[in-house]
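Structure, as structure tokens:
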Amino acid sequence: MYKIRTVDVWDTLLRRDCHPECIKLATASHLLLGWWEEIRPGFRDVWALYQARIDAEKFLAEGTKADGKDDEYEITEVLRHWVSSVFSVSHVDALPVYLAEFELSTEIARSFADSEIEDFLRFHEAEKTFFLSDFYMDSTMLKRLLRAKGVDSVVADGVASCDVGLNKRSGKLFGHIHALHAVSPAEHVHVGDNQWSDVDSPRAIGVSAHHYLPEIAHKERLERERLFSSRAVLFEHLHCECLALAQTSIEELSSKKSAAFRLGVEAAPLFIAFILWIAEQAIEKKLDRLFFFTREGEFFYRVFLEIFPSGKLFGHDLPSLEVLEVSRLATFAPSMRDISVEEMSRVWSLFRLQSVSGLFTTFGLRCEDFLEILTDCGLKVSDVIVDPSNSEELKKLFCSKEFLDAVKNSVGSQKEMLFDYFKQHSLNAANKIGVVDIGWRGTIQDNIALLFPEKEIHGMYLALRRFINQQPGNVSKAAYGPDENINNKLDKIFESFAVMELLCSSSSGSVVGYKRENNKIFARHQIDEEENLFFTEFTQHFQNGVVLAAKNWKPYIERYVISASELQSTALHIWNALYRAPGDDLTQLFMQSPQNDVFAYGDFFKRNRFPSLLTIFLSPVIKSSRLQLIEYVRRVQWTQAIEKTKDIGWFHRSVLLLVFRMANFFKRVRSRPGFLWGKKNG
1 MYKIRTVDVW DTLLRRDCHP ECIKLATASH LLLGWWEEIR PGFRDVWALY
51 QARIDAEKFL AEGTKADGKD DEYEITEVLR HWVSSVFSVS HVDALPVYLA
101 EFELSTEIAR SFADSEIEDF LRFHEAEKTF FLSDFYMDST MLKRLLRAKG
151 VDSVVADGVA SCDVGLNKRS GKLFGHIHAL HAVSPAEHVH VGDNQWSDVD
201 SPRAIGVSAH HYLPEIAHKE RLERERLFSS RAVLFEHLHC ECLALAQTSI
251 EELSSKKSAA FRLGVEAAPL FIAFILWIAE QAIEKKLDRL FFFTREGEFF
301 YRVFLEIFPS GKLFGHDLPS LEVLEVSRLA TFAPSMRDIS VEEMSRVWSL
351 FRLQSVSGLF TTFGLRCEDF LEILTDCGLK VSDVIVDPSN SEELKKLFCS
401 KEFLDAVKNS VGSQKEMLFD YFKQHSLNAA NKIGVVDIGW RGTIQDNIAL
451 LFPEKEIHGM YLALRRFINQ QPGNVSKAAY GPDENINNKL DKIFESFAVM
501 ELLCSSSSGS VVGYKRENNK IFARHQIDEE ENLFFTEFTQ HFQNGVVLAA
551 KNWKPYIERY VISASELQST ALHIWNALYR APGDDLTQLF MQSPQNDVFA
601 YGDFFKRNRF PSLLTIFLSP VIKSSRLQLI EYVRRVQWTQ AIEKTKDIGW
651 FHRSVLLLVF RMANFFKRVR SRPGFLWGKK NG
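Just so you know, the working numbering puts the end of the sequence shown at 682, numbered straight through with nothing missing.
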């Protein structure tokens, strides 16, 4: 029997469910998210921070080597040097110690006891057993780690290379152990996984060394290292895993539902990345609450809970979150500062037309109660007014005392009810509020901001169009995808914004107002059964596919420290693929499902009610035909859907397709900086 037995720690006593460097990446992410403002701009990236950490380790290693020891360093000293190099201001002395504790907690979370080491050690008995590790955490931290994993019953004490500045690679740490315990190399047996440090190096000085490399555990370790080799390898692995899981999930579904489910799995990285970005924003901006706006927000909320069930991201607590039942229709009237044509321009600048019925719906009034006033103003209930801001008829209506009094009473009642609804959901209790929606200009956020001017409201969107209305001073907005306010360029991807809304929608309908029941406020929903039929047949299964993939991605996000920025190119590629090469099922769904356009338009829009060939050919000379064609193009926009539709004849489709391509071309030209109409029409 030997007098002492030493055992390596990593990949011998303990194993990780990730690559070792992922632990450092997790610490870098924790620092980046929690101290964003303090970090110098050049280091506001996980990999830049990680590289700065490696540089700090090299610097300290060179210093100890110059002092005659091995190239060793201790974690707290590394973190102190690291933080000093990346912060733009001096840091508090306690931060490196705090980060070291965080890294230890990450090691504990990511590690597990090797299942075969105890049996292996029985063949190499000794009087005393110690751990011996080339590691930057000292023996005190390693003992805590072993205790947390229940391995302290096998090895309770030992030495880490950073304790003494000597390591196994050079062989000097073995000599230190011999002197410390007064033993000769022949009285010492060592077990470990590294061929040089744990076998060749100790054998060179006479230690009995044994290579520990169990086949299954080593194979799993190599796979974890392969997945860390590049993000492309990792993402492809996840893609294949998700497709395999999907195959099992769709066995009992119809072909159409199966196709929707698979499409959701394929598109999932887009939504996973968006949700991950939202979580990062919530921590960086130090938000108190997070609200997901109906309808698309219900889907985003579901994915969020799947990825972050514990409410944490790389050691940071995420704010409390919930779905908020709102809409442009339900929030605009309560947000009005006065009842005037000028205030209505906040809506009219977006839509450039106003139906009379939609106007009264916005105010919560019945057109039938104002027929006489409408007649006096030269208006009919069925009228749709182009350029409403300059409509003499609407100006006359807004001068009617009876109309204004009714609107004021209705708006006052709606505002009171909306405030009570927000109070129920504690929106008024938070100071820094985060809101999530699909896009595209954040008008619901603007409405809420006008109601709560004392609160900071940060909006997070999949994409943002160029802002047309003046932005409230207490609002900030950001987009994960394209943002026309930053690049000043009209992105083709916005031609398919309506289909993205369709894929992210819910069956709960649109919020049209609120009602009070038993001293509680409830949202009133307008539900269209035809719309929900398409949701049940396609959208629901698409979303289920996304959620399945999100559930599979969750542990990899934690283990491999995936950031939203790393997924951005993949996410936008997916969106572009949906836009440019949609499947027949998706385009059929888009063309046949009704679109809720009650706000401003005052109706449900049917995309498969194509303008006739006569209307198209007469549009250059007859204004009514031209307006009808323009509105159809404006409300559909997606050229590829027209190209793939089979609901009209070849010639009719070809002519309409030409119109769409010309319209989108001129829209892009008009949006260029300096173009005469660009600023006017946005």
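Just so you know, even glycine gets a beta-carbon here, dropped at the ideal spot from N, CA and C. Owing to the predicted nature of the structure, the values given are computational and were not obtained by experimental measurement.
Cβ pair Trp-365, Ala-406 closer than 7 Å: Against the sequence shown, residue 365 aligns to sequence position 365. Against the sequence shown, residue 406 aligns to sequence position 406. Strictly speaking, residue 365 in this sequence is Leu, with Trp absent from that position. Result yes, Cβ atoms of Leu-365 and Ala-406 sit closer than 7 Å.
Do you know how far the Cα of Arg-262 is from the Cα of Pro-20? Taking the first residue of the sequence shown as 1, we reach residue 20 at position 20. Taking the first residue of the sequence shown as 1, we reach residue 262 at position 262. Roughly 34 Å separates the two Cα atoms.
Measure the beta-carbon distance from Gly-434 to Pro-319 and round it to whole angstroms, keeping in mind my assumption that it falls under 8 Å. As a working note, residue 434 is residue 434 in the sequence shown. As a working note, residue 319 is residue 319 in the sequence shown. Right, their Cβ atoms sit about 7 Å apart.
Which residue or residues does DSSP assign as beta-bridge partners of Tyr-461? Indexing the sequence shown from 1 puts residue 461 at position 461. Answer is Asp-437 and Ala-479.
If you scan the segment 345 to 427 from start to end, which runs of the beta strand (DSSP E) of 3 or more residues do you find wholly inside it? 353 to 355 and 384 to 386
Using only the alpha-carbon positions, how far apart do Ser-476 and Met-591 sit? Numbered from its first residue, the sequence shown carries residue 476 at position 476. Numbered from its first residue, the sequence shown carries residue 591 at position 591. Cα-Cα distance, rounded: 35 Å.
Short of 6 Å in beta carbon distance, which residues of its chain neighbour Pro-202, apart from the five on each side in sequence? Order them along the chain. Locating residue 202 in the sequence shown gives position 202, counting from the first residue. These residues qualify, in order along the chain: Phe-174, His-190 and Ala-209.
What do you get for Pro-96, buried or exposed, if any count of 16 or more other CB atoms within 10 angstroms of its CB means buried? For the purposes of this step, residue 96 is taken as residue 96 along the sequence shown, with counting starting at 1. Buried: at least 16 other Cβ atoms inside 10 Å.
Could you tell me the alpha carbon to alpha carbon distance between Leu-329 and Val-347, rounded to whole angstroms? Residue 329 sits at position 329 when you count from the first residue of the sequence shown. Residue 347 sits at position 347 when you count from the first residue of the sequence shown. Distance between the alpha carbons of Leu-329 and Val-347 is about 10 Å.
For Asn-576, which of Ala-479, Ile-527 and Glu-495 has the nearest alpha-carbon? Position 576 of the sequence shown, counted from the first residue, corresponds to residue 576. Out of Ala-479, Ile-527 and Glu-495, Glu-495 has the C-alpha closest to the C-alpha of Asn-576.
Mapping DSSP to helix, strand and coil, what is Ile-4? Translated into the one-based positions of the sequence shown, residue 4 becomes position 4. It is a strand residue.
Nearest-angstrom Cα distance between Tyr-560 and Ala-126? Working through the sequence shown from its first residue, we reach residue 560 at position 560. Working through the sequence shown from its first residue, we reach residue 126 at position 126. Near 38 Å, if we compare the C-alpha coordinates of Ala-126 and Tyr-560.
Could you name each continuous alpha helix (DSSP H) segment of 4 residues or more that falls completely within the segment 569 to 648, going from the start of the chain to the end? 584 to 592, 598 to 601, 613 to 618, 623 to 636 and 639 to 644
Would you report the Cα separation of Phe-651 and His-458, rounded to the nearest angstrom? If you number the sequence shown from 1, residue 651 lands on position 651. If you number the sequence shown from 1, residue 458 lands on position 458. For Phe-651 and His-458, the distance between alpha carbons rounds to 48 Å.
In chain order, what residues of the same chain lie with their CB nearer than 6 Å to the CB of Phe-522, ignoring the 5 residues before and after it? By 1-based counting over the sequence shown, the position of residue 522 is 522. Counting only Cβ-Cβ distances below 6 Å, and skipping sequence neighbours, we find Lys-515.
Between Leu-104 and the ligand MG, is there a pair consisting of the residue's CB and a ligand heavy atom that are separated by less than 6 Å? For the structure depicted, the ligand MG is absent and the ligand set is empty, with no information on it obtainable.
Helix or strand or just coil, what does DSSP make of Arg-653? Translated into the one-based positions of the sequence shown, residue 653 becomes position 653. Helix.
For a quick check, are the C-beta atoms of Ile-444 and Phe-314 less than 7 Å apart? The residue labelled residue 444 in the question sits at position 444 within the sequence shown. The residue labelled residue 314 in the question sits at position 314 within the sequence shown. Their beta carbons are not under 7 Å apart, which means Ile-444 does not touch Phe-314 by this criterion.
CB of Thr-639 within 7 Å of CB of Phe-666, strictly: Residue 639 sits at position 639 when you count from the first residue of the sequence shown. Residue 666 sits at position 666 when you count from the first residue of the sequence shown. No, Cβ-Cβ distance for Thr-639 and Phe-666 is not below 7 Å.
Burial state of Val-546 (16 or more Cβ within 10 Å): If you number the sequence shown from 1, residue 546 lands on position 546. It counts as buried.
With DSSP run on the structure shown, which of helix, strand or coil describes Ser-90? For the purposes of this step, residue 90 is taken as residue 90 along the sequence shown, with counting starting at 1. Three-state DSSP puts Ser-90 in coil, outside helix and strand.
Is Phe-125 helix, strand or coil by DSSP? By 1-based counting over the sequence shown, the position of residue 125 is 125. The question names Phe, but residue 125 in the sequence shown is Glu. The answer is coil: DSSP assigns Glu-125 none of H, G, I, E or B.
Nearest-angstrom Cα separation, counted from Asn-469 out to Phe-351: Within the sequence shown, residue 351 is the residue found at index 351, counting from 1. Within the sequence shown, residue 469 is the residue found at index 469, counting from 1. Using only the alpha carbons, I get a separation of about 12 Å.
Below 8 Å, can you find three or more Cβ-Cβ pairs linking the segment 127 to 144 to the segment 157 to 174? yes
Keeping to the same chain, check which residues put their C-beta closer than 6 Å to that of Ala-449; ignore five residues upstream and five downstream. The residue labelled residue 449 in the question sits at position 449 within the sequence shown. Hits under 6 Å: Ile-457, Pro-472, Asn-474 and Val-475.
Which residue comes first and which comes last in the beta strand (DSSP E) that contains Arg-15? In the sequence shown, counting from the first residue as 1, residue 15 sits at position 15. Per DSSP, Arg-15 belongs to the beta strand (DSSP E) from 14 to 16.
For the alpha helix (DSSP H) that contains Lys-256, what are its first and last residues? As a working note, residue 256 is residue 256 in the sequence shown. Where Lys-256 is concerned, the enclosing alpha helix (DSSP H) stretches over 255 to 284.
Residues bridged to Ala-28 [DSSP beta-bridge criterion]: Position 28 of the sequence shown, counting from 1, holds the residue named residue 28. Looking at the DSSP assignment, Ala-28 forms no beta bridge with any residue, so it has no partner.
Lys-551 in three-state terms, based on DSSP: As a first step, residue 551 is located in the sequence shown; it is residue number 551 there, counting from the start. Correct three-state label for Lys-551: helix.
Among Glu-38, Met-344 and Thr-645, which one has its Cα closest to the Cα of Val-86? One-based indexing of the sequence shown puts residue 86 at position 86. The shortest Cα separation from Val-86 among Glu-38, Met-344 and Thr-645 belongs to Glu-38.
Determine the direct distance from the alpha carbon of Ile-493 to that of Leu-676, and round the result to whole angstroms. Numbered from its first residue, the sequence shown carries residue 676 at position 676. Numbered from its first residue, the sequence shown carries residue 493 at position 493. Per-residue confidence for Leu-676 stands at a pLDDT of 38, beneath the threshold of 50, marking its modelled position as unreliable; no derived number is given.
Taking CB distances under 7 Å as the criterion, tell me whether Val-83 reaches chain C. Included in the structure is just one protein chain, with no chain C present.
In three-state DSSP terms, what is Tyr-50? Start at 1 with the first residue of the sequence shown, and residue 50 comes out as number 50. DSSP places Tyr-50 in helix when its eight states are reduced to three.
Around the Cβ of Arg-580, are there at least 16 other Cβ atoms within 10 angstroms (buried) or fewer (exposed)? Locating residue 580 in the sequence shown gives position 580, counting from the first residue. Exposed is the call here.
May I ask you to report which of helix, strand or coil DSSP gives Ile-307? Here residue 307 corresponds to residue number 307 of the sequence shown, with the count starting at 1. Reduced to three states, the DSSP call for Ile-307 is helix.
So, with DSSP's three-state summary, where would you put Gly-513? The sequence position of residue 513 within the sequence shown is 513, counting from 1. It is a strand residue.
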